[in-house]
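Chains as they are written, first to last, in the UniProt record's numbering: chain A, 1 to 249; chain B, 1 to 338; chain C, 1 to 401; chain D, 1 to 282.
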Amino acid sequence: MLELRDVHVVFDGFRALDGVDLTVPEGELRFLIGPNGAGKTTLIDVITGLTRPTAGSVRFGGHDLVGRKEHRIVRLGVGRTFQTSVVFEELTVVENLDLAASFRRPLWSLARRRRGVSEAVAEALARTGLEELAERSAGVLSHGQRQWLEIGMLLAQRPRLLLLDEPVAGMSGDERERTGELLTQIAADHTVIVVEHDMEFLRRHASTVTVLHEGKVLVEGSVEQVSADPRVQEVYLGRRSTDAVGNRP
Amino acid sequence: MIRRHLPFATVAVIALVAAPLLLEPFRLGLLAKYLCYAIVALGIGLAWGQGGMLTLGQGVFFGLGGYSMAMYLKLAEGGGLPDFMVWSGVEELPALWVPFANPVFALGMAVLGPVALALVLGTLVFRQRVRGAYFAILTQALAAAMVILLVGQQGLTGGTNGMTNFFELFGQDLAEDSTQRGLYLVVAGVLGVLYLATRQLVQSRYGRLLVAVRDGEDRVRFLGYDPALVKTVTFAASAGMAGLAGALFVPVVGIISPALLGVVPSLELVVAVAVGGRHALAGAVLGAVVMGYAKTALSEQFAGGWLYLQGALFILVMTLAPKGVVGLAGRLRRARTT
Amino acid sequence: MRISRPILSGLLALALTACGSGAAPAADSDEIKVGLLHSLSGTMAISEVTVRDAELLAIEEINKAGGVLGKKLVPVVEDGASDWPTFAEKATKLIRQDKVATVFGGWTSASRKAMLPVFERYKALLWYPVQYEGLESSPYIFYTGATTNQQIIPGLDYLKEQGKKSLFLVGSDYVFPRTANKIIKAYAASNGMTILGEEYTPLGHTEYSTLVNKVMGAKPDAVFNTLNGDSNVAFFKQFKSAGGTAESMPVLSVSIAEEEVTGIGVDNVAGHPVAWNYYQTTDTPANTAFVKAYKAKYGAAKVTSDPMEAGYNAVYLWAEAVKKAGTTEVEAVRKAAPGIALERPEGLVTIDGDNQHMYKTARIGIIQPDGLIKQVWDSDRPIKPDPYLKGYPWAAGLAGQ
Amino acid sequence: MPAFLNQLPIGLSIGAVLLLIALGLTFTFGQMGVINMAHGEFIMAGAYTAFLLGDLLAALPVAFLVAGVMGLVLERAAIRHFYRRPLDTLLLTWGVSLVLQQLARDLFGAPNVQVPAPSWLAGGVGILPYNRLFIMGLAVAGVVAVWVYLTRTKLGRRTQAVVQNRQLAATSGIDTGRVDMLTFFIGSGLAGVAGVALTLIGPVGPALGTYYIVDAFLVVVAGGLGQLRGAVLAAIALGLLNSYAEFWSDASLAKVIVFAVVIAFLQVRPQGLFVLRSRVLT
């Protein structure tokens, strides 16, 4: 479904991605990990059109994504969230979701006032558990609630591929728990790529993991295979021993 | 439903019934002029307040509308060439002018001309993601360039003088008080209709989208919308309003000149919108009327003081009440209820 | 909209009542109100404030001498704010709300053109005190400044007498320079002069190096300058530093009076000729009195200039016409005005019955190192005003005839 | 020398004027993103300083201080509350510029004043008068000084650090408030220096600032945000364009052409000549 071939990105001489190959089949839940600066976010940026690769190809469902504008990629069915969640604070939760759900409507039809809540919005509200807060303005939400709203907006878009950039960063334990459940639910009927640092979260929810290091794919496989790999241990031990994959209790 | 429309209805009654009855013709004419500015302000409120596009060149669109109307009025007089062409040494009516003898074409151009220019400019600028300050500066430069262009083409546009000395509109003598009262009603009516339409737009999904584009243009892209398109369309709508306002302004005030569409008048209207309250459409309208009135009243009292006052008001509004009078009113109301 | 009804309607009602206020009280029977409408703010204020001052001086003098028809003149001063539509608006206010007997006002052609329909519509009188481009003769305007045959053409006569065969035309981009230059070109064509170039710059333009390069490259005998306002400062500074001198290439200006000389810098402009009808140094008894009175009222450092004198005259000429008519009623005043002749600071001034312009003496002066202007040439006698240049065969092709 | 060849040095000298008026903006607008519409009035303040002192060379440092302090006051009193609202700063500073213009009118009178040019600047080389050469020299000196400041001094490097990442700079111990003050002081001071130079070629009056402000911003927009070399190249390019456009058409059309070219240029390079790359999502 998603296929990256030999993707290179260079920022002012710095090789952010250096020949990445990545294939994600339909229906998979893929985790993307790696130390800081490994190129995880850049990879997401390349897929969603925010960063144009210096070389290489990105194909999604038979379409070439390189050079397409961001909103056109979304229209092909690729949605994403951001590390620091960006929701529209002046709009209510339901308005945020409704906006996300309405992009396939022609522009002129938007000039009509919204009446009620569409099916996609209702579903997103239910899944993210934000029903109670539906009419509150997004500006008053807590950090965790914002992340859920962002995931909800992603769901309301009804994309074929979801890209989540560190969905549990900065969340409390409880919130992580709920996000994890949400993720499992979503993964049941979507193709998902998750960028995540949190190892505990990874161990609990990941099936397939791709490890990036210095702009290259280091290893790819199941959680067990990856954490057993000596190269991964070395990369992680050299940097952040507390988080290291090899440091199993 | 009734409660929702009550404020608007009250204002509409005052504007459409009370004002023409109570005001003497000269003052009614002034009010009509402020209402023309209010139409432009409404467009600025939409583009800037809702859409975050700080346009400092709204005078250009106002001017295009005004010039279209003025060209028609000049030709409608009959009697050959317009006066300024005679003293500019133009001997034959320029081809550009010929279709403006038709009132439908002239009125159409007054609105569609600005819309077309805004579409072109918006497409060029927004597609390249030029925004914020850059956009503000470019629109400002557009206003400056437009003035120079109009002034330079004296035979075609009347140069610095602009065009004046109009006698009749659709067969009505413009000097008559009754014509002026009628014009006032037309202006007030147009403003009312546009206000309702804009309010409808702001409360629709499109309005929500516009606010989203204002607050997070890049994020909107990842919701599958093209912000450039949204902005261009909104910018064009505000340009159309300014054009219509210009077309109404000319018979009301009796003159159009490059001085009306330069950087300073464009900025003054933005100030008015800021003072009234940029996030509320009513604030934009209110700001334009109040500032227009303040300028007339204060310059009658003390000339140089107006500049101080305008400058000071501006600094105060920006630092103390960035949401303008409407924002202040809202804050007061909340303070009272809590 | 989340704005409460009382606040919104309250504010609007406020605006409305405010609009309605300020109606004039009934005119006092021993007073005559006259309007003074000049730019007191904005770019034109520099020039127009001095004209207003001269007009106020005239009103004060007339009142001291017993007023007009036994009534005191009361000036109502309005600000045109250097903005033409404002002139039209304020003119309407003076006529309709203040009900003034007459208005003295304007400076730029654009402000006059904006006011003209107002005065014609309400059949009120405007006295316009500045030299202008001609081709106009409104029944409701009296023109107390020079028209083209009293300034531009004498200027050209002077250059011709000086043996200047080729000219370069430099002007600001508006009506007066463009019309003046058309006249100059027609004059040149029939007087054996050549025009080597014609350039216009936007009002307020300050970068003149390219234009000066063009002028220097063309090597004309003289430059005819119709630049306005601040542009003159930039032009003369850059002309001088590029090596232009009054000896090698005199620049004849028609918009630089005593007032502007200080701002340009005497060093930059001394020696160059100007064309007007009046200078502070003009030697008449009336002028000695005028200069003395003006300095006494506004300060010894102040200078007097042609438009100021024309504004000062306007008040006297109107007062004379009112005395002759025995009323301030507009049609009666218009009928009484033709033929009125007064000895003014510039010499004898007579109101022409055909076009309501004045007979005026043309004078060419040279700017002196002390900032004043010394007359070097005059037309001997007052010239009959001819705004459409009907008396000049070579001007037959010009528009507006 | 044929007239059109003369336009080459003339274009460079116009470029030098543009550079001088825009140099301060590369600090306040370029480094800090503040659109200071009162920049023109700081230029005016410099010109009036020259008028009061009556001596060009002495006026240069004094004008730098005067305009710099005005900028400092403006930054501390108002602008610092607006760093997250750049468009509001534009309107705020426009209000300030109106007040300053009227203030100048009341202090110095509405008519222009005269600043005598020093006698050693009389004359010239070829088409270029000495006063033009002086302005070009001043522009070069200004650029060199700014470059040295930004790249060779500790303070300058801190300024750059704040521009590139305000939060990171703050957490690594840089007092961003003080850096902002200093940046604004220098940017405004440079406007004052430009004002002194402009007395050589143009009018000195309350409207002085309004004649230059739009051109100055066009240079910075075309040059790219925060880029010294962009501003230099843009000023020279626009100067030459202006010179030749006016030579082959007229002054009015030249201004319109310059505007059209800047718009067209932004189609190719939307962020100006040079851009700082940034991964921050705005």
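Ideal Cβ placement from N, Cα and C applies to all residues, glycine included.
task = Count the other CB atoms, across all protein chains shown, that sit within 10 Å of the CB of R178/D; report buried if there are 16 or more and exposed otherwise.
result = The residue you call residue 178/D lines up with position 178 of the fourth sequence. Flag for R178/D reads exposed.
Contact with chain B by P86/D, beta-carbon distance below 8 angstroms = The residue given as residue 86/D occupies position 86 in the fourth sequence. Output row for P86/D: interface = yes.
ask   = Considering only the beta carbon of each residue, do D79/C and G35/C sit closer than 8 angstroms?
value = Looking up residue 79/C in the third sequence gives position 79. Looking up residue 35/C in the third sequence gives position 35. No, they are not a contact pair.
task = Taking C-beta pairs closer than 8 angstroms, name the residues in chain B that E89/A reaches, listed in chain order.
result = As a first step, residue 89/A must be located in the first sequence, where it is residue number 89. Under the 8 angstroms cutoff, chain B gives D215.
task = Answer with yes or no whether the minimum CB distance from V175/C to chain B is below 8 angstroms.
result = Position 175 of the third sequence, counting from 1, holds the residue named residue 175/C. Cβ-Cβ to chain B under 8 angstroms: yes for V175/C.
task = Whole angstroms is fine: what's the gap from F168/C's alpha carbon to L156/C's?
result = Within the third sequence, residue 168/C is the residue found at index 168, counting from 1. Within the third sequence, residue 156/C is the residue found at index 156, counting from 1. F168/C and L156/C: Cα-Cα distance of roughly 12 angstroms.
request  = Check whether the stretch 252 to 265 of chain B touches the stretch 78 to 93 of chain C, taking contact to mean three or more Cβ pairs, one atom from each stretch, closer than 8 angstroms.
outcome  = yes
request  = From the DSSP output, in three-state form, read off Q375/C for me.
outcome  = Taking the first residue of the third sequence as 1, we reach residue 375/C at position 375. DSSP places Q375/C in strand when its eight states are reduced to three.
inquiry  = Could you compute how far the alpha carbon of Q180/B sits from the alpha carbon of S190/C?
reply    = Here residue 180/B corresponds to residue number 180 of the second sequence, with the count starting at 1. Here residue 190/C corresponds to residue number 190 of the third sequence, with the count starting at 1. The straight-line gap from Cα to Cα measures roughly 50 angstroms.
ask   = Going along the chain, which residues of its own chain have a beta-carbon closer than 6 angstroms to the beta-carbon of G22/C, five neighbours each way excluded?
value = Indexing the third sequence from 1 puts residue 22/C at position 22. Annotation note: pLDDT 42 at G22/C (below 50); position unreliable, no value reported.
key: Beta-carbon separation (whole angstroms), T50/C vs F26/B, contact threshold 8 angstroms   = As a working mapping, residue 50/C is identified with position 50 in the third sequence. As a working mapping, residue 26/B is identified with position 26 in the second sequence. No, T50/C and F26/B are not in contact; Cβ-Cβ is about 29 angstroms, not under 8 angstroms.
key: 4 or more residues per run - each alpha helix (DSSP H) lying fully within the stretch 23 to 55 of chain D   = 39 to 53
request  = Identify whether Y294/C lies in helix, strand or coil by the three-state DSSP scheme.
outcome  = One-based indexing of the third sequence puts residue 294/C at position 294. Correct three-state label for Y294/C: helix.
request  = Kindly give me the distance between the Cβ atoms of L65/D and G189/D, rounded to whole angstroms, as I take these residues to be in contact under 8 angstroms.
outcome  = For the purposes of this step, residue 65/D is taken as residue 65 along the fourth sequence, with counting starting at 1. For the purposes of this step, residue 189/D is taken as residue 189 along the fourth sequence, with counting starting at 1. That pair is a contact at about 7 angstroms.
Neighbourhood of T232/B by C-beta, 7 angstroms cutoff - its chain only, sequence neighbours within 5 removed = Along the second sequence, read from residue 1 onward, the residue named residue 232/B stands at position 232. Excluding sequence neighbours, T232/B sits near L119, G122, T123, F126.
task = Determine the chain C residues that contact V253/B at a beta-carbon separation under 9 angstroms, and present them in chain order.
result = What you label residue 253/B is simply residue 253 of the second sequence in a count that begins at 1. Residues of chain C passing the Cβ test: P85, A88, E89.
ask   = Alpha carbon to alpha carbon, how far is A257/C from T284/C?
value = If you number the third sequence from 1, residue 257/C lands on position 257. If you number the third sequence from 1, residue 284/C lands on position 284. Their backbone Cα atoms lie some 19 angstroms apart in a straight line.
ask   = Could one say the Cβ of N213/C lies closer than 8 angstroms to chain D's Cβ atoms, at least one of them?
value = If you number the third sequence from 1, residue 213/C lands on position 213. At least one chain D Cβ lies under 8 angstroms of N213/C.
inquiry  = Measuring alpha carbon to alpha carbon, tell me which residue in F184/D, L241/D, V262/D, L121/D is nearest A78/D.
reply    = Working through the fourth sequence from its first residue, we reach residue 78/D at position 78. The candidate whose alpha carbon is nearest that of A78/D is F184/D.
message = Would F60/A and V78/A be called neighbours here (beta carbons separated by less than 8 angstroms)?
response = Numbered from 1 along the first sequence, position 60 holds the residue referred to as residue 60/A. Numbered from 1 along the first sequence, position 78 holds the residue referred to as residue 78/A. Yes; because the gap between Cβ atoms is below 8 angstroms, this pair is in contact.
message = I believe N242/D touches V262/D by the beta-carbon criterion, under 8 angstroms. Please report the beta-carbon distance rounded to the nearest angstrom.
response = Stepping through the fourth sequence from its first residue, residue 242/D is reached at position 242. Stepping through the fourth sequence from its first residue, residue 262/D is reached at position 262. Their Cβ separation, rounded to whole angstroms, is 11 angstroms, which puts N242/D and V262/D out of contact at 8 angstroms.
request  = State the Cα-Cα distance for the pair A207/D and V190/B, rounded to the nearest angstrom.
outcome  = The residue labelled residue 207/D in the question sits at position 207 within the fourth sequence. The residue labelled residue 190/B in the question sits at position 190 within the second sequence. Rounded to whole angstroms, A207/D to V190/B spans 38 angstroms at the Cα level.
request  = Give a yes or no on whether the minimum CB-CB distance between residue 339/B and chain A is below 8 angstroms.
outcome  = Nothing can be reported for residue 339/B, as the shown portion of chain B is limited to 1 through 338.
query = Mind listing which residues of the stretch 148 to 176 of chain B have their C-beta closer than 8 angstroms to chain C's C-betas, in chain order?
reply = I148, V151, G152, Q154, G159, T160, N161, G162, T164, N165, F166, A175
inquiry  = Please confirm whether Q280/C has its beta-carbon closer than 8 angstroms to some beta-carbon of chain B.
reply    = The residue given as residue 280/C occupies position 280 in the third sequence. Closer than 8 angstroms: no.
message = Short of 7 angstroms in beta carbon distance, which residues of its chain neighbour D21/A, apart from the five on each side in sequence? Order them along the chain.
response = Within the first sequence, residue 21/A is the residue found at index 21, counting from 1. The residues are L4, R5, D6, V217.
task = Could you name each continuous beta strand (DSSP E) segment of 3 residues or more that falls completely within the stretch 98 to 144 of chain C, going from the start of the chain to the end?
result = 102 to 105, 126 to 128, 141 to 143
query = Counting pairs of Cβ atoms below 8 angstroms between the stretch 120 to 129 of chain A and the stretch 26 to 39 of chain A, do you hit three or more?
reply = no
key: Chain-order list of residues whose beta-carbon lies under 7 angstroms from that of A161/D (same chain, five-residue window excluded)   = Taking the first residue of the fourth sequence as position 1, residue 161/D is located at position 161. Within the same chain, A161/D has close Cβ partners A169, I174.
task = Using the Cα positions of G106/C and K360/C, report the straight-line distance between them to the nearest angstrom.
result = As a working note, residue 106/C is residue 106 in the third sequence. As a working note, residue 360/C is residue 360 in the third sequence. For G106/C and K360/C, the distance between alpha carbons rounds to 20 angstroms.
ask   = Between L229/B and chain D, is there a C-beta pair that is closer than 8 angstroms?
value = For the purposes of this step, residue 229/B is taken as residue 229 along the second sequence, with counting starting at 1. No, L229/B lies away from the interface with chain D (no Cβ there is under 8 angstroms from its Cβ).
request  = Examine the Cβ distances between the stretch 32 to 40 of chain D and the stretch 234 to 253 of chain C and report whether three or more of them are shorter than 8 angstroms.
outcome  = no
request  = Label K33/B either buried or exposed according to how many other C-beta atoms from any shown protein chain fall within 10 Å of its C-beta, with 16 as the threshold for buried.
outcome  = Reading the second sequence from its first residue, position 33 is the one you call residue 33/B. Answer is buried; the Cβ neighbour count reaches 16.
The stretch 374 to 387 of chain C in contact with the stretch 327 to 337 of chain C per 3-pair CB rule at 8 angstroms = no
key: Nearest neighbour of L142/B, chosen from V146/D, A264/D, Q31/D [CA to CA]   = Sequence index remark: in the second sequence, residue 142/B carries index 142 (1-based). Checked all of V146/D, A264/D, Q31/D; the closest Cα to L142/B is A264/D.
inquiry  = Does the CB of F222/B have a neighbour CB from chain A at under 8 angstroms?
reply    = Numbered from its first residue, the second sequence carries residue 222/B at position 222. For F222/B, the answer is yes, since a Cβ of chain A falls inside 8 angstroms of its Cβ.
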